[in-house]
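Written below as C-alpha cells is the structure these notes are about.
Number of protein chains: 2
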Amino acid sequence: MIGLEGKVLVAQGGGPTAVINQTLAGVTLEARKNPLTKAVYGALHGVRGIVEEEFLDLTRETTHHLEQVAATASSALLSTRDKPDAEYCARMFQVMRRHDIRYFFYIGGNDSADTVRIIDEQAKSTGYDLRAIHIPKTIDNDLAVNDHCPGFGSAARFVAQAFMGLNLDSRALSGVLIGTVMGRHSGFLTASSILAKKYADDGPHLVYLPERPFSQEAFLADVEHVYRQHGRCVIAVAEGIKDAQGTPILLQLSPNRERDAHGNRQLSGTGLLGDLLAETIRKGLKIRRVRADTFGYLQRCFAGVISDRDAQEARELGETAVHYAMRDHLDGSVVIRRPVMDYGVCYDLVRLDEVAGRTRTMPDEFINEEANGVTALFRSYCRPLVGTQLPEAHRLRAPRVPKIAVSA
Amino acid sequence: MIGLEGKVLVAQGGGPTAVINQTLAGVTLEARKNPLTKAVYGALHGVRGIVEEEFLDLTRETTHHLEQVAATASSALLSTRDKPDAEYCARMFQVMRRHDIRYFFYIGGNDSADTVRIIDEQAKSTGYDLRAIHIPKTIDNDLAVNDHCPGFGSAARFVAQAFMGLNLDSRALSGVLIGTVMGRHSGFLTASSILAKKYADDGPHLVYLPERPFSQEAFLADVEHVYRQHGRCVIAVAEGIKDAQGTPILLQLSPNRERDAHGNRQLSGTGLLGDLLAETIRKGLKIRRVRADTFGYLQRCFAGVISDRDAQEARELGETAVHYAMRDHLDGSVVIRRPVMDYGVCYDLVRLDEVAGRTRTMPDEFINEEANGVTALFRSYCRPLVGTQLPEAHRLRAPRVPKIAVSA
Chain A
1369 MIGLEGKVLV AQGGGPTAVI NQTLAGVTLE ARKNPLTKAV YGALHGVRGI VEEEFLDLTR
1429 ETTHHLEQVA ATASSALLST RDKPDAEYCA RMFQVMRRHD IRYFFYIGGN DSADTVRIID
1489 EQAKSTGYDL RAIHIPKTID NDLAVNDHCP GFGSAARFVA QAFMGLNLDS RALSGVLIGT
1549 VMGRHSGFLT ASSILAKKYA DDGPHLVYLP ERPFSQEAFL ADVEHVYRQH GRCVIAVAEG
1609 IKDAQGTPIL LQLSPNRERD AHGNRQLSGT GLLGDLLAET IRKGLKIRRV RADTFGYLQR
1669 CFAGVISDRD AQEARELGET AVHYAMRDHL DGSVVIRRPV MDYGVCYDLV RLDEVAGRTR
1729 TMPDEFINEE ANGVTALFRS YCRPLVGTQL PEAHRLRAPR VPKIAVSA
Chain B
1369 MIGLEGKVLV AQGGGPTAVI NQTLAGVTLE ARKNPLTKAV YGALHGVRGI VEEEFLDLTR
1429 ETTHHLEQVA ATASSALLST RDKPDAEYCA RMFQVMRRHD IRYFFYIGGN DSADTVRIID
1489 EQAKSTGYDL RAIHIPKTID NDLAVNDHCP GFGSAARFVA QAFMGLNLDS RALSGVLIGT
1549 VMGRHSGFLT ASSILAKKYA DDGPHLVYLP ERPFSQEAFL ADVEHVYRQH GRCVIAVAEG
1609 IKDAQGTPIL LQLSPNRERD AHGNRQLSGT GLLGDLLAET IRKGLKIRRV RADTFGYLQR
1669 CFAGVISDRD AQEARELGET AVHYAMRDHL DGSVVIRRPV MDYGVCYDLV RLDEVAGRTR
1729 TMPDEFINEE ANGVTALFRS YCRPLVGTQL PEAHRLRAPR VPKIAVSA
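So the sequences go chain by chain: A and B.
Using my numbering, the first residue of the first sequence is number 1369, and each one after it goes up by one.
Using my numbering, the first residue of the second sequence is number 1369, and each one after it goes up by one.
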C-alpha cells in the first residue's frame, strides 16, 4: 500500500449547527472507502473525548443509519467548550499516537482551527506522521477566508422564516416587534432576516448589527420614522450591538445587571436586550404594543429547518477534507470559495493559521449608509445560502368594496 | 331561488395562526360556488373593519392566488384585539344590513364566538334574516366542546421541533435549558413539547403547566433529580404558571416588575420568566450552564412550519361552516370532534353559548401525578395533530472503542 496507513479520528467542537452531522458523515463515509483507513473513530465531546479516550468505532455504523444521523441537527458526537492549550494538546496527541491515529479531522470554529494547528505542530516537531485538517462550521458565518460557513445557511433560513412570521404578525395586529438574533461580533445572521421581505412595506424595516455603533437616539428616530410611515415596525437586532465606545448596549441599558459566580455578567441567552429596547421604545415614543422575541438556541439547531444547499456543502466539505488528507497528504483548513456569485462553490485548502483565531465581520458593502439596514449586495450574497423552497408569503389582492354605509 | 340570497362576510379576529387563512379560503371558495351568494366580502382587521366598512371583494380574488394566501401564515384579512360590546355590535350589524350581508363567518377564539352570539341575537331581535357562524382558531387549544382547535397542531409542531433542537443542543453541551411556551391558562401547547422525546433520556424531562400549582421547592428538587440522572435537564414551562394561591410565578419571582401606562404589569412577550427560573436554578443548585429561551411570537406563525393535518382541518371547517349556514340555514359554532382516536375527525355545529367566553384546560388524565409532566394518553392525543413528516432525531449507535491509552 502506498501512502500513510492508520486510523482516522473525527470530532466536533463548539456550538452545534443544523448540518454539522453532514460533515461528520462526509468524513466517515469517504474515509471508510479508502484502503489506507484501518478504522474510523469518533471522539465524544470533541477534544475532551480525545484526552479521555472516549471513542466510538464509526467503522461499525451502518451507512443507512449514518445518513439518518447526517440529517439530524446538532453534534452527534457531542461537543465541548474546552479550549485546549499546548499541554492539553500534548495529552490529546499522546492518545492519538497510542491508537495509531494518522488522520485527524476537527469540525469546528476558529478555536477548533487553532487546536488543529497546535496538534499539527506537535506532530511535526516530534516526527510523528499525522495529517490534521480543520473543517469549518459556525452559524455566525465569521470564519476567515471562507465565503460562508456550513451551518450559517440553515440558521439564516430559520431567522428568515422567523421574521416572515413576525412580519405577518405585525401586519395583522400592528405595533412594534423586535427580534434579537445571535451574533456578538458578526452581523451576518441578523442581516439574513431581510430575506423575509417580499412586499415593499414588509419587515424587518430596521436591522442593527455589531459592525456599526448603535445610538439610542438614532434608533428611536428610525423607529418613529418607520412607525409613522407604516403604522408598525419590525426590527432585527444582533445581541452584540455596541455603542461608539464599544460598550455592549445591554450593559449600557442595564448597568446593574448581576454578575454570576465567576464575576461575568450574563449577557447572552437572555431576553433582556430585546426587553430593554422594547422599554426604550415604549417610553421614548409612547407606542403601546411593543414586543421583543429573542431567538436564542432555537436558531442554531431547530429540527426540520435546514438549507438543502447548506447540508450539501457541509457534506462535501467533509468528503473534500478526506481527499486533501488521504490523497494529497496535506494539512490545513478546508474552505468554501464562491467563484460564481449566483451560484457555484469550490473548495480549497488553506494554512491553519489563516483561519485559526481570526474573526470575519460583515464587509462594508453589505451594510447601508444609515447603519440601520443592509444592501442589495448582501441580499444577493445571502439568498442562495438559505437553500431552495424558502416559504413565501402571499397577500390578498382583492379590490376594496366602495363604502356606502359609514359615509351615508 | 330557494333559500336566503345575499352577500357573505368573513373576518378574522385575535392572534394569528399558521393556518387561519386555510379557513378563510375554505369559506370563500365554498361560498363562491353557492348560487345564493351575491358576493363574498372580507372585513379588514376583524370586527373593526366591519364598523369602519373596510371590505375587500373576495369574489374578485383568483382561485390560484387564494390558494397561495391559504398556505401563508397569519391573518390575510388582518386582525384586531377589539372586544365588541352590545353597542359596537349594533354598529357592525347596521353596516351589515346596509350591505345586504346575509351570512357572517367570524374566525376566532372564544371572544369572537361571543361577538357572533351578540350579533346573532341582535339580528333575531330585529327580524333581520342573518346566518352567523363562529369558526374556531387558536394556538392555545382552549376552546370548549372542540377536541382540538385549528392552529394548535401547527403551533404544537413548532414547539415539538424547537424542543428537539433544545434537547439535541443540551445533549451536545449539557447544562440546563428552559423553553418558555405560550399559554396563560391552558397547558396544551407547552405539553406538546414532549413530542420531541424519542430516546429514553430525551428532553423535555420536566413540563410545568398552568393547570397545576407551581412550587419553587418542588421545581428545584425535580431539576436536581434529572440533572443527577442525566447530567443535563431540558424543561418546558408555560408562561402562565401560578402558585397554589393563583399568583403568577413571574410576579412572585419579580414582585417589583414595572407597571405600564395602564397600570398593568407587562408579563407576556418577555423573556423574564425563563430568565428568573434560570437564575433560581443557578443559585439553588449551583449549576453553571443554565439558559432559557422564550418562544414568543415565533411559535404562532413561523413561516414554513405547518401541520398538514391542521391545515386540512382548518380548510374543512371553513367549508363546513358554509354548508351549515347556506344549506342548513343554521347559526352556531362549528366544532371538531374526534370519534376515532388515532385518527379521524368529524365536524358538528353547536350553540354559540357553548363556546363563547369559555376556556378549556388540560383534562386531569393528560397530566402526571407529580405535576411535572404529561401522560401517555396526552401523547396519543397530540401526536396526530402535529401532522405527518415530523422530523426525527437519530443518534449514533456505533460501539465504544476499548480504552488502551489512559488506563495504560
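Every residue gets a Cβ at the ideal spot worked out from N, C-alpha and C, and that includes glycine.
**Item:** Neighbour list for P1767 of chain B in chain A, Cβ cutoff strictly below 8 Å
**Value:** For this step, residue 1767 of chain B is matched to residue 399 along the second sequence. By Cβ distance, chain A contributes L1424, D1425, R1428.
**Asked** Cα separation between E1421 of chain B and R1683 of chain B?
**Response** Along the second sequence, read from residue 1 onward, the residue named residue 1421 of chain B stands at position 53. Along the second sequence, read from residue 1 onward, the residue named residue 1683 of chain B stands at position 315. Rounded to the nearest angstrom, the two C-alpha atoms are 26 Å apart.
**Item:** Residue span of the alpha helix (DSSP H) that contains S1493 of chain B, given as start and end
**Value:** Residue numbering aside, residue 1493 of chain B sits at position 125 when the second sequence is read from its first letter. First-last of the alpha helix (DSSP H) with S1493 of chain B: 1478-1493.
**Request:** Quick one: which residues of the stretch 1660-1672 of chain B get their C-beta closer than 8 Å to a C-beta of chain A? List them in chain order.
**Result:** A1660, D1661, T1662, F1663, G1664, Y1665, L1666, R1668, C1669, F1670, A1671, G1672
**G1672 of chain A versus A1530 of chain B: straight-line alpha-carbon distance, rounded** = Here residue 1672 of chain A refers to the residue found at position 304 when the first sequence is read from its first residue. Here residue 1530 of chain B refers to the residue found at position 162 when the second sequence is read from its first residue. Going by the C-alpha atoms only, they are around 9 Å apart.
**Asked** If you run the structure through DSSP and keep just helix, strand and coil, what is S1701 of chain B?
**Response** What you label residue 1701 of chain B is simply residue 333 of the second sequence in a count that begins at 1. In this structure, S1701 of chain B counts as strand in the three-state DSSP scheme.
**Asked** Among A:V1408, A:G1571, A:A1568, A:P1616, which residue has its Cα nearest to the Cα of R1580 of chain A?
**Response** Sequence index remark: in the first sequence, residue 1580 of chain A carries index 212 (1-based). Among A:V1408, A:G1571, A:A1568, A:P1616, the Cα nearest to that of R1580 of chain A belongs to A:P1616.
**Message:** Alpha carbons only, please: which of A:L1446, A:V1415, A:Y1471 is nearest the one belonging to E1455 of chain A?
**Reply:** Numbered from its first residue, the first sequence carries residue 1455 of chain A at position 87. Taking only the C-alpha atoms, the option nearest E1455 of chain A is A:V1415.
**Neighbourhood of V1387 of chain B by C-beta distance below 7 Å, restricted to the same chain and skipping five residues each side** = Within the second sequence, the letter at position 19 stands for residue 1387 of chain B. Closer than 7 Å at Cβ, skipping near neighbours: P1518, G1519, S1522, I1674, D1678, A1679, A1682.
**Request:** Determine the burial state of Y1711 of chain A: buried for a count of at least 16 other Cβ atoms within 10 Å of its Cβ, exposed for fewer.
**Result:** As a working mapping, residue 1711 of chain A is identified with position 343 in the first sequence. It counts as exposed.
**Asked** When burial is assigned at 16 or more other CB atoms within 10 Å of the CB, is Q1757 of chain B buried or exposed?
**Response** Residue 1757 of chain B sits at position 389 when you count from the first residue of the second sequence. Flag for Q1757 of chain B reads exposed.
**Prompt:** Taking Cβ positions only, does L1534 of chain B come closer than 9 Å to chain E?
**Reply:** The structure shown contains no chain E; its protein chains are A and B.
**Item:** For K1406 of chain B, the three-state DSSP class (helix, strand or coil)
**Value:** Taking the first residue of the second sequence as position 1, residue 1406 of chain B is located at position 38. K1406 of chain B falls in the strand class under three-state DSSP.
**Message:** Tell me which residues of the stretch 1373-1385 of chain A have at least one Cβ-Cβ distance to chain B shorter than 7 Å, keeping chain order.
**Reply:** P1384
**Item:** Reduced DSSP category for H1502 of chain B - H, G, I as helix; E, B as strand; rest coil
**Value:** If you number the second sequence from 1, residue 1502 of chain B lands on position 134. Looking at H1502 of chain B - three-state DSSP - the assignment turns out to be strand.
**Request:** Run the CB neighbour count on D1794 of chain B, radius 10 Å, all protein chains shown included, and call it buried at 16 or more, exposed below.
**Result:** The question about residue 1794 of chain B has no answer here: the residues shown for chain B are numbered 1369 through 1776.
**Message:** What would DSSP say about A1682 of chain B, mapped onto helix, strand or coil?
**Reply:** Taking the second sequence and counting its residues from 1, the one referred to as residue 1682 of chain B is at position 314. The answer is helix: DSSP assigns A1682 of chain B an H, G or I state.
**Asked** Exposed or buried, which one is P1504 of chain A when buried takes at least 16 other CB atoms within 10 Å?
**Response** Taking the first residue of the first sequence as 1, we reach residue 1504 of chain A at position 136. P1504 of chain A is buried by the Cβ-count criterion.
**Asked** Does any CB atom of chain A fall closer than 9 Å to the CB of Y1409 of chain B?
**Response** Numbered from its first residue, the second sequence carries residue 1409 of chain B at position 41. Closer than 9 Å to some Cβ of chain A, the Cβ of Y1409 of chain B qualifies, so yes.
**Request:** Mind the definition here: the stretch 1391-1398 of chain B touches the stretch 1435-1447 of chain B only if three or more C-beta pairs lie below 8 Å; say whether that holds.
**Result:** yes
**Message:** Within the continuous beta strand (DSSP E) that includes R1656 of chain B, where are the two ends?
**Reply:** Mapped onto the second sequence, residue 1656 of chain B falls at position 288. Taken as a continuous stretch (DSSP letters only), R1656 of chain B belongs to no beta strand (DSSP E), as it is neither H nor E.
**Item:** Helix, strand or coil at K1375 of chain B according to DSSP, with G and I counted as helix
**Value:** Within the second sequence, the letter at position 7 stands for residue 1375 of chain B. Residue state, collapsed to three classes: strand.
**Prompt:** Using a beta-carbon distance cut-off of less than 8 Å, what residues from the stretch 1602-1620 of chain A approach chain B?
**Reply:** none
**Prompt:** Taking DSSP as the reference, what is the three-state secondary structure of A1589 of chain A?
**Reply:** Within the first sequence, numbered from 1, the residue matching residue 1589 of chain A stands at position 221. In the structure shown, A1589 of chain A sits in a helix (DSSP, three-state: H, G or I).
**Message:** For L1780 of chain A, would you say it is in contact with chain B, using Cβ-to-Cβ distances shorter than 9 Å as the test?
**Reply:** Residue 1780 of chain A is absent from the structure shown; chain A starts at 1369 and stops at 1776.
**Prompt:** Hey, out of A:A1444, A:R1485, A:L1720, A:P1759, whose CA is closest to F1461 of chain A's CA?
**Reply:** As a first step, residue 1461 of chain A must be located in the first sequence, where it is residue number 93. The candidate whose alpha carbon is nearest that of F1461 of chain A is A:R1485.
**Request:** Assign G1495 of chain B to one of two classes, buried (16 or more other C-beta atoms within 10 Å of its C-beta) or exposed (fewer than that).
**Result:** Working through the second sequence from its first residue, we reach residue 1495 of chain B at position 127. Counting Cβ neighbours within 10 Å, G1495 of chain B comes out exposed, since fewer than 16 surround it.
**Request:** Kindly identify the DSSP beta-bridge partner or partners of C1714 of chain A.
**Result:** Position 346 of the first sequence, counting from 1, holds the residue named residue 1714 of chain A. In DSSP, C1714 of chain A forms a bridge with A:R1705.
**Request:** List the endpoints of the continuous beta strand (DSSP E) containing A1606 of chain B.
**Result:** Residue numbering aside, residue 1606 of chain B sits at position 238 when the second sequence is read from its first letter. Counting along the chain, the beta strand (DSSP E) containing A1606 of chain B begins and ends at 1600-1606.
**Prompt:** Nearest chain B C-beta to H1762 of chain A closer than 9 Å, yes or no?
**Reply:** On the first sequence, position 394 is the one that residue 1762 of chain A refers to. Yes, H1762 of chain A lies at the interface with chain B (some Cβ there is under 9 Å from its Cβ).
**Asked** Hey, is F1531 of chain B close to the ligand HEM, as in C-beta under 8 Å from one of its heavy atoms?
**Response** For the ligand HEM, the structure offers nothing, since it holds no ligand at all.
**Message:** So the candidates are A:S1554, A:I1603, A:T1558; which of them puts its Cα closest to the Cα of H1573 of chain A?
**Reply:** Translated into positions along the first sequence, residue 1573 of chain A becomes position 205. The candidate whose alpha carbon is nearest that of H1573 of chain A is A:I1603.
**Request:** Rank B:G1382, B:G1639, B:A1407, B:L1653 by C-alpha distance to the C-alpha of V1769 of chain A and give the top, closest one.
**Result:** Counting from 1 along the first sequence, the entry for residue 1769 of chain A is found at position 401. The shortest Cα separation from V1769 of chain A among B:G1382, B:G1639, B:A1407, B:L1653 belongs to B:A1407.
**Request:** Check each candidate in B:I1562, B:R1449, B:E1398, B:A1481 and name the one with the smallest Cα separation from L1720 of chain B.
**Result:** One-based indexing of the second sequence puts residue 1720 of chain B at position 352. Measuring from the Cα of L1720 of chain B, the nearest candidate turns out to be B:A1481.
**the stretch 1567-1578 of chain A: positions lying closer than 9 Å to chain B by Cβ** = none
**Asked** Would you report the Cα separation of L1577 of chain A and T1729 of chain A, rounded to the nearest angstrom?
**Response** Taking the first residue of the first sequence as position 1, residue 1577 of chain A is located at position 209. Taking the first residue of the first sequence as position 1, residue 1729 of chain A is located at position 361. Near 10 Å, if we compare the C-alpha coordinates of T1729 of chain A and L1577 of chain A.
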